[in-house]
Amino acid sequence: MSRAGRLGAALALVLVALVALVACGGGSSAPGGARPITVFAASSLTEAFDEIGKRFEETAGGARVTFNYGASSTLVVQVGAGAPADVLATADEATMGQAVAVGTVEAPAVFARNRLAILVARGNPKGIRTLADLARPGLVVVLCAAEVPCGRSGQQALDKAGVEVTPRSLEANVKAVQSRVTLGEADAGIVYATDVQAAGDTAEGVSIPENHNVVAAYPIATVKSSRNKAVAAAFVEYVRSDAGRAILAMAGFSP
Amino acid sequence: MIAARRERAGVPLAALAVALATSLFFLLPLAGLVWRAPWSSLAGELGNREVRQALQLSLVCSLWATVLSLVFGVPLAWVLARAEFRGRKLLRALTTLPMVLPPVVGGVALLLAFGRNGLAGQWLGVQLPFTTAGVVLAETFVAMPFLVIAAEAGFRSADQRYEEAARTLGARPWTVFRRVTLPLVAPSLAAGAVLCWARALGEFGATITFAGNFPGRTQTTPLKVYLLLETRPEAAIVLSLVLLAISVAVLVGLRQRWLAPG
Chain A
0 MSRAGRLGAA LALVLVALVA LVACGGGSSA PGGARPITVF AASSLTEAFD
50 EIGKRFEETA GGARVTFNYG ASSTLVVQVG AGAPADVLAT ADEATMGQAV
100 AVGTVEAPAV FARNRLAILV ARGNPKGIRT LADLARPGLV VVLCAAEVPC
150 GRSGQQALDK AGVEVTPRSL EANVKAVQSR VTLGEADAGI VYATDVQAAG
200 DTAEGVSIPE NHNVVAAYPI ATVKSSRNKA VAAAFVEYVR SDAGRAILAM
250 AGFSP
Chain B
0 MIAARRERAG VPLAALAVAL ATSLFFLLPL AGLVWRAPWS SLAGELGNRE
50 VRQALQLSLV CSLWATVLSL VFGVPLAWVL ARAEFRGRKL LRALTTLPMV
100 LPPVVGGVAL LLAFGRNGLA GQWLGVQLPF TTAGVVLAET FVAMPFLVIA
150 AEAGFRSADQ RYEEAARTLG ARPWTVFRRV TLPLVAPSLA AGAVLCWARA
200 LGEFGATITF AGNFPGRTQT TPLKVYLLLE TRPEAAIVLS LVLLAISVAV
250 LVGLRQRWLA PG
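Residue numbers (numbering that gives the first Met the number 0), protein chains in the order written: chain A, 0 to 254; chain B, 0 to 261.
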C-alpha cells in the first residue's frame, strides 16, 4: 500500500471508530419509546445504584435509567451548568445544599447513611481494634486528603477520639485509600462502610464506635429542569422503598 | 510561519482551513486558562506555603529524574544505536513502552515491582512508595524514554567516520566518546534531556499511584493542582499557569529544533 493509501486507511479507521462511538451514545435512547432518565450520583453509590437501576427498569415497564457517577461537588457544578440530569444524589447534605441554593433541584430527602470504618488487611494481621491503634509507631496509615469529603470526616473522627495520626499519604479519593490497603502498601486507612463492602475478600473493616464516628447523610432530589419528571420521581420513590433500601444495605449503607 | 508562507503555493485551501481550526483547538484551552486566571491574587497564591512546597518538590524531583535518565539512558541509547544483537528491537520496544502506557498503569506496575509486597520490594526490603525517592523513580520511569529516543537518533545520525579517524590516530575508546561522539550528539542529548525533564515535571498518574500524596514529601505540583481543584479552583489555575509558563519556556528553548524545521 502506498503511503497515502495507508494514511487514508488510518483516517477511515478513526472515522469509523468515531461514528461507532456516537452511535453507541445515541443507541441508549429507549427501545420502548420512553425517554430515559439520567441519574447523577456520587461515586460511592455506583454498586448500589447500578443494581437499583436494573431492578427499577424491570418493575417500571419501559422506563430506562442511565447513570453518571462522580464526585458530589463536580456533579452539583455540572447540573448547575445545565447538564441533562433528571435526578441528583450526593454523598453529603452540604453539596446538595449548594444545588438547592441555586435552585436546580427540588425537595431533597436523605435516603441512606454511610459510616466511617477502618479498613485493614484480611485477617487484621496488625490487630487494629480502635482509632487509637492507628497512632501506633511503625504502622503505615493512609487517609484521604483534607480537600475531599472523606478526608474531612476522617479527621473529624480522629479529633473526636483524640488521636493524632501521622499518615504516610493523603490520597485524592477514598478508592485510592482502599487500594493502598488491598494492595498491601498500607496497614490501615479510614474509609466508608460501603468501601469495606466493595473491597470484598481482599480486606476487612474495623468499625468505629458511634461516639467517634462521622456519619454522612446521602440526599436525593429530582432536578427542576428534568423533561421526564414522572419517571424521575418514580426512581426517587423506588430508591426510598423497601426494595431500594435492601439493595443499599447490601452495599454497606445504613438507613 | 515563514515555512508556511514559502509553501503556500503548494498547500490547498482546504488544508489551510483545517489547520486554522486545529490551531484554535490547541489555543482555546490555553486561552481559557489565562482568561480565568485570578491575576490579582496571583502573588498571594504563589506565596502559599503548600504551593511553594509543591513547586520546590517538583523541581528537585524532575531534575533528579533527568540526571538519572542521562546516567542510565545515554548508555542504553548508545547500545541501541550502535550494537548489533538479537532482541535489539524488543529492547527498544521495552524501553519506549512507558511512553504509550497510561501513567496510572505504570504506577500500578511500579507498585507491584517496588512496593512493599512487590517483586523487588520484598526482596530488597526498601520502602519506596510514600517517599520522595519513589517520586523520582516514577518520574524517571515515565520520562526516560523521551531521552533514550532522542539520544538514539543522535547516535545514529552522528557520522561515524569522525570516530574512526580519531581511533586511527590512536585515541582510546573513552577519549573518542568524550571528545568526538559526545560533542556530535550533544544537541540531541540536550533536546532529549529537556523533553525528559518537562515530562517528569508534568508527571501525575504514575506519581500519585506509586508514591502517594503527602505535602513536602510526595505532593508534586500536578498532584497539588488536582487536589486544589476540589476546594480552591482559582489556586489550581495559578499553579496550572506556572506549569504552562514552564512548558512555553521549554518550547522556546527547543525552537531551533521544532518551530523552524528544515
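C-beta: ideal position from N, C-alpha, C; glycine also.
Query: Under 7 Å by beta carbon: chain A residues contacting B/Pro128; Result: Glu184
Query: Buried/exposed call for B/Trp196, threshold 16 Cβ in 10 Å; Result: buried
Query: Contact with chain A by B/Gln52, beta-carbon distance below 9 Å; Result: no
Query: Touch test, the stretch 39-51 of chain B against the stretch 109-128 of chain B, Cβ-Cβ under 8 Å, three pairs minimum; Result: no
Query: Rounded C-alpha distance that separates B/Val237 from A/Pro136; Result: 38 Å
Query: Chain B contact residues for A/Arg244, given Cβ-Cβ distances below 8 Å; Result: The contacting residues do not exist; A/Arg244 stays about 30 Å from chain B at best.
Query: A/Ser168 and B/Phe25 closer than 9 Å at C-beta; Result: no
Query: B/Phe213 at chain A interface by Cβ criterion, 9 Å; Result: yes
Query: Chain A within 9 Å of B/Glu44, Cβ atoms only; Result: no
Query: Residues, ordered as in the chain, of the stretch 70-84 of chain A that lie near chain B by beta-carbon distance below 8 Å; Result: Ala70, Ser72
Query: Opening and closing residue of the beta strand (DSSP E) in which A/Arg112 lies; Result: 104-113
Query: Any 3 or more C-beta pairs closer than 8 Å across the stretch 180-190 of chain A and the stretch 101-118 of chain A; Result: yes
Query: The stretch 200-219 of chain A / the stretch 149-166 of chain A touching (three or more Cβ pairs under 8 Å); Result: yes
Query: Burial state of B/Pro102, where buried means 16 or more other Cβ atoms lie within 10 Å; Result: buried
Query: For A/Gln77 and A/Ala216, the rounded distance between their alpha carbons; Result: 21 Å
Query: Neighbour flag for B/Glu202 against chain A, beta carbons, 9 Å; Result: no
Query: Residue span of the beta strand (DSSP E) that contains A/Phe66, given as start and end; Result: 64-69
Query: Cβ pair count under 8 Å reaching 3, the stretch 67-77 of chain B against the stretch 137-146 of chain B; Result: yes
Query: Boundaries of the beta strand (DSSP E) in which A/Gly257 is found, first to last residue; Result: There is no way to answer for residue 257 of chain A, as the model of chain A reaches only from 0 to 254.
Query: Cβ-based contacts, 8 Å cut-off: residues of the stretch 148-180 of chain A near chain B; Result: Pro166, Arg167, Ser168, Leu169, Glu170, Ala171, Ala175, Arg179
Query: Under 9 Å from the C-beta of B/Ile236: neighbouring residues of chain A; Result: Ordered by position in chain A, no residue passes the 9 Å Cβ test against B/Ile236, which lies about 15 Å from the chain.
Query: As assigned by DSSP and simplified to three states, the class of A/Ile219; Result: strand
Query: Rounded separation between B/Ala189 and B/Ala76 - CA only; Result: 14 Å
Query: Inter-residue spacing [alpha-carbon to alpha-carbon] between B/Leu278 and A/Lys53; Result: Residue numbering for chain B in the displayed model covers 0 to 261; residue 278 of chain B lies beyond these limits and cannot be assessed.
Query: Option nearest A/Leu74 by Cα separation, candidates A/Val38, A/Val109, A/Phe234, A/Glu105; Result: A/Val38
Query: B/Ala18 at chain A interface by Cβ criterion, 9 Å; Result: no
Query: CA-to-CA distance, A/Ala108 to A/Cys23, given in whole angstroms; Result: With a pLDDT of only 47 at A/Cys23, under 50, the local geometry of the prediction cannot be trusted, and no value is derived from it.
Query: Contacts of B/Gly114 in chain A (Cβ-Cβ under 8 Å); Result: Leu182, Gly183, Glu184
Query: DSSP state of A/Asp241 mapped onto helix, strand, coil; Result: helix
Query: The stretch 154-172 of chain B touching the stretch 87-96 of chain B, judged by at least three CB pairs closer than 8 Å; Result: no
Query: Where B/Gly261 sits in the DSSP three-state scheme; Result: A caution first: B/Gly261 carries a pLDDT of 44, below 50, which makes its placement in the model too unreliable to give a value.
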